[in-house]
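Chains as they are written, first to last, in the working numbering: chain A, 1 to 401; chain B, 402 to 802.
C-beta: ideal position from N, C-alpha, C; glycine also.
To start, the structure itself, in structure tokens.
This is the structure:
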């Protein structure tokens, strides 16, 4: 046995030594640490730094005044805290409050420059930014954690898009038991926000964990979940498309001018052809965040026979231009036609300080005036993933009952 | 149209402003840049830094003498280059050589502390370390790039491990056409090295790109590829198991004491049950790197009726202890029994400066002495992913002919 240990140690040494990928270049300091009293400590080693700060959504937000195109607005910016330098140049900050259960993102600012936590291997990519990740378990955040429950399969599959003229990538969740059952399943389509892609809900949104856990608790029906890529000009997420390691760009063309919605039925057709779905309106749902809420709205209104359940999460309502696509024309008539078919659920969620709250309230006023029913959840905070995860956990249990 | 642009811009601003995830906190400087002359420029902004260096496998290695347990050894360490400070505290280094096509990893060292490139969103996790990634296209590296060819599906699926007592995760590649065909497919099992997991070959190894491209070129048969997790005590990769965001540890228990190999048939059984496989030896292959080469060797010898093709990539040969498991006993008798059944291929690859080269040569001498046939490829360099990608591209075309 000693020989094995020695040789394994030698192997590891070999890896340290040889690995040009620095296989074992492990943590220098421990960060972040969830302390027994519920506070969290962040550490960053930088003996020559002058100032080290941490910022992230675990901190209370601060109001910042902004102006764009002559339009003034106020927004919630993430809080910032300074770390204090200790021995060996290790800077440290411990929250003076218990950090509530949640899936958080944070970064350090070292002399003003943003860096992720080099001692935390857990990182999320959101469009072109990386952030470090901290999961504080408990309460609703338990739905975001991985438990020893039956897990669905998560697949990256490619569908031929006649509209785009090339194959495009989808993320597809099939619930535990799908492969061994002969049953047909309902389908939920989940759409990302501007700049996101088919990975966003799976990484930042924790959607597959939410589904696994809700299904295991008996709080949601087993369902197939399809995460689309709403950037119709893009084959797949950055890193996963034929642009390879080209830097992702901020705003992609053709995201909000009708093409994605026009092409949406080809995705539904592909999914119904590939998977054992219940291929009818009663068993089909759609939801999305921000731009994905906008896409959800127009997919819902333009295809009133496709979706029985629709969820608009912090939806970018009121930004469509009818001149760019028939998809955005005859809004009121489409709205009437949609409700005439008695959909099972129109669900709306928005944060109190979301910059889109007024647009959502205007839309709900229109629904009220017309006497159309919907479900509304207003939460604290703004246009943030925390809210979108909450909305998903609230929306999914209502489906396919 | 102007309205749409304004509102999309406002949306983006809203995202910048509100997103506590800093959705659009884009690049501060451009790095890395592949220049027209084939050199590569790396940049890092740090006005207050004293010294900024870059290290990675794009640089020539340097010989370093080491000692462990009284045993002296020499190893290839990655080269290091200093960046020079320019305007706005932007440090810069341009290679004085053309960087050959390859999939590279690199990191910066800022005042001695390792950091990934904050301007490069492309990052690989290898066990507990993050590195920035650079793909220089061309030559063999074209096999590592994503092209507009038919793409296989890549799925994360869970199998019930009776041995482990819990569900465990596999990555499964099904080739383009699998879902629409009724055909049965051969299966290749691909095993990672020490500390790795079911993600390693897919991220660092570029295995799914290699398969897509070789199949599209007609240089490999369409096949199912299964990436196992060789740490039998672990459900899944870090982040994807019920330890959630617990820091990954270096050496996991039960990786090289026979349990994984003893339990391997339950994976084969699961795959043959779940997928349309050709469930016989002629259509089954296995390969692995380092510890995965070790696992490959013992799976091959202990189950001479399972695998017709075996690939040992920089295999950790000669480190087994017969006292810990029957899997490691009667080596020579098993070797004889294996060759008596006339396997189609035993393929061995190793780097000239790999610390395991002598162990591999000793093993091949034994094969030579016994008159057993194998295929051997010796490459430049050491125990590095560059070699393992090369070995996979050489091994896969030989399968199932």
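Rounded separation between residue i and residue j - CA only
{"i": "residue 394 of chain A", "j": "residue 190 of chain A", "result": "14 angstroms"}
{"i": "residue 51 of chain A", "j": "residue 61 of chain A", "result": "21 angstroms"}
{"i": "residue 676 of chain B", "j": "residue 586 of chain B", "result": "9 angstroms"}
{"i": "residue 179 of chain A", "j": "residue 142 of chain A", "result": "26 angstroms"}
{"i": "residue 103 of chain A", "j": "residue 475 of chain B", "result": "44 angstroms"}
{"i": "residue 264 of chain A", "j": "residue 299 of chain A", "result": "7 angstroms"}
{"i": "residue 259 of chain A", "j": "residue 271 of chain A", "result": "19 angstroms"}
{"i": "residue 720 of chain B", "j": "residue 632 of chain B", "result": "17 angstroms"}
{"i": "residue 797 of chain B", "j": "residue 192 of chain A", "result": "37 angstroms"}
{"i": "residue 34 of chain A", "j": "residue 722 of chain B", "result": "40 angstroms"}
{"i": "residue 521 of chain B", "j": "residue 432 of chain B", "result": "6 angstroms"}
{"i": "residue 460 of chain B", "j": "residue 778 of chain B", "result": "23 angstroms"}
{"i": "residue 764 of chain B", "j": "residue 458 of chain B", "result": "29 angstroms"}
{"i": "residue 423 of chain B", "j": "residue 532 of chain B", "result": "Any reading at residue 423 of chain B must be qualified, since the residue scores a pLDDT of 34, below 50, and its modelled position is unreliable; the value itself is stated next. Rounded to whole angstroms, residue 423 of chain B to residue 532 of chain B spans 21 angstroms at the Cα level."}
{"i": "residue 101 of chain A", "j": "residue 145 of chain A", "result": "11 angstroms"}
{"i": "residue 334 of chain A", "j": "residue 328 of chain A", "result": "10 angstroms"}
{"i": "residue 653 of chain B", "j": "residue 206 of chain A", "result": "26 angstroms"}
Cβ neighbour criterion (16 or more within 10 Å) applied to residue i
{"i": "residue 584 of chain B", "result": "exposed"}
{"i": "residue 425 of chain B", "result": "Residue placement at residue 425 of chain B is poorly supported in this model, since its pLDDT is 38, which falls under 50; the coordinates still yield a value, given next. Classification for residue 425 of chain B: buried."}
{"i": "residue 234 of chain A", "result": "buried"}
{"i": "residue 790 of chain B", "result": "buried"}
{"i": "residue 662 of chain B", "result": "buried"}
{"i": "residue 572 of chain B", "result": "buried"}
{"i": "residue 358 of chain A", "result": "exposed"}
{"i": "residue 658 of chain B", "result": "buried"}
{"i": "residue 255 of chain A", "result": "buried"}
{"i": "residue 165 of chain A", "result": "exposed"}
{"i": "residue 45 of chain A", "result": "buried"}
{"i": "residue 97 of chain A", "result": "exposed"}
{"i": "residue 204 of chain A", "result": "buried"}
{"i": "residue 202 of chain A", "result": "buried"}
As assigned by DSSP and simplified to three states, the class of residue i
{"i": "residue 256 of chain A", "result": "coil"}
{"i": "residue 457 of chain B", "result": "strand"}
{"i": "residue 765 of chain B", "result": "helix"}
{"i": "residue 792 of chain B", "result": "helix"}
{"i": "residue 690 of chain B", "result": "strand"}
{"i": "residue 568 of chain B", "result": "strand"}
{"i": "residue 674 of chain B", "result": "helix"}
{"i": "residue 775 of chain B", "result": "coil"}
{"i": "residue 432 of chain B", "result": "coil"}
{"i": "residue 217 of chain A", "result": "coil"}
{"i": "residue 488 of chain B", "result": "helix"}
{"i": "residue 61 of chain A", "result": "coil"}
{"i": "residue 203 of chain A", "result": "helix"}
{"i": "residue 327 of chain A", "result": "helix"}
{"i": "residue 549 of chain B", "result": "coil"}
{"i": "residue 496 of chain B", "result": "coil"}
C-beta contact flag for residue i and residue j at 8 angstroms
{"i": "residue 714 of chain B", "j": "residue 689 of chain B", "result": "yes"}
{"i": "residue 382 of chain A", "j": "residue 76 of chain A", "result": "yes"}
{"i": "residue 380 of chain A", "j": "residue 351 of chain A", "result": "yes"}
{"i": "residue 562 of chain B", "j": "residue 569 of chain B", "result": "yes"}
{"i": "residue 228 of chain A", "j": "residue 266 of chain A", "result": "no"}
{"i": "residue 159 of chain A", "j": "residue 208 of chain A", "result": "no"}
{"i": "residue 793 of chain B", "j": "residue 611 of chain B", "result": "yes"}
{"i": "residue 588 of chain B", "j": "residue 627 of chain B", "result": "yes"}
{"i": "residue 123 of chain A", "j": "residue 116 of chain A", "result": "yes"}
{"i": "residue 680 of chain B", "j": "residue 698 of chain B", "result": "no"}
{"i": "residue 576 of chain B", "j": "residue 644 of chain B", "result": "no"}
{"i": "residue 308 of chain A", "j": "residue 344 of chain A", "result": "yes"}
Distance cut-off 7 angstroms: residue i Cβ against heavy atoms of the ligand ADP
{"i": "residue 492 of chain B", "result": "Questions concerning the ligand ADP fall outside what the structure shown contains, since it holds no ligand whatsoever."}
Within-8 angstroms CB hit, residue i to chain C
{"i": "residue 614 of chain B", "result": "Protein chains in the displayed structure are A and B, and chain C is not among them."}
Taking beta-carbon pairs under 9 angstroms, can you tell me which members of the stretch 783-802 of chain B lie near chain A?
783, 784, 785, 786, 787
Anything in the stretch 156-183 of chain A with a Cβ closer than 8 angstroms to a Cβ of chain B? List those residues in chain order, please.
156, 157, 158, 166, 167, 169, 176, 179
Residues of the stretch 652-670 of chain B with a CB closer than 9 angstroms to any CB of chain A: list them in chain order, please.
652, 656, 657, 658
Taking only beta carbons into account, state which residues of the stretch 118-130 of chain A come closer than 7 angstroms to chain B, listed in chain order.
118, 121, 122, 123, 125, 126, 127, 128, 129, 130
With 9 angstroms as the limit, tell me which residues of the stretch 219-241 of chain A have their beta carbon closer than that to any beta carbon of chain B; keep them in chain order.
235, 236, 238, 239, 240, 241
Please identify, using Cβ separations under 8 angstroms, the residues of the stretch 40-52 of chain A that lie next to chain B, in order along the chain.
45, 46, 47, 48, 49, 50
Which residues, in order along the stretch 532-559 of chain B, keep a beta-carbon less than 8 angstroms from a beta-carbon of chain A?
532, 534, 535, 536, 538, 546, 547, 548, 549, 551, 552, 554, 555, 556, 557, 558, 559
The stretch 322-353 of chain A: positions lying closer than 7 angstroms to chain B by Cβ
323, 324
Near-chain A residues of the stretch 674-699 of chain B (beta-carbon distance less than 8 angstroms), N- to C-terminal order
675, 691, 692
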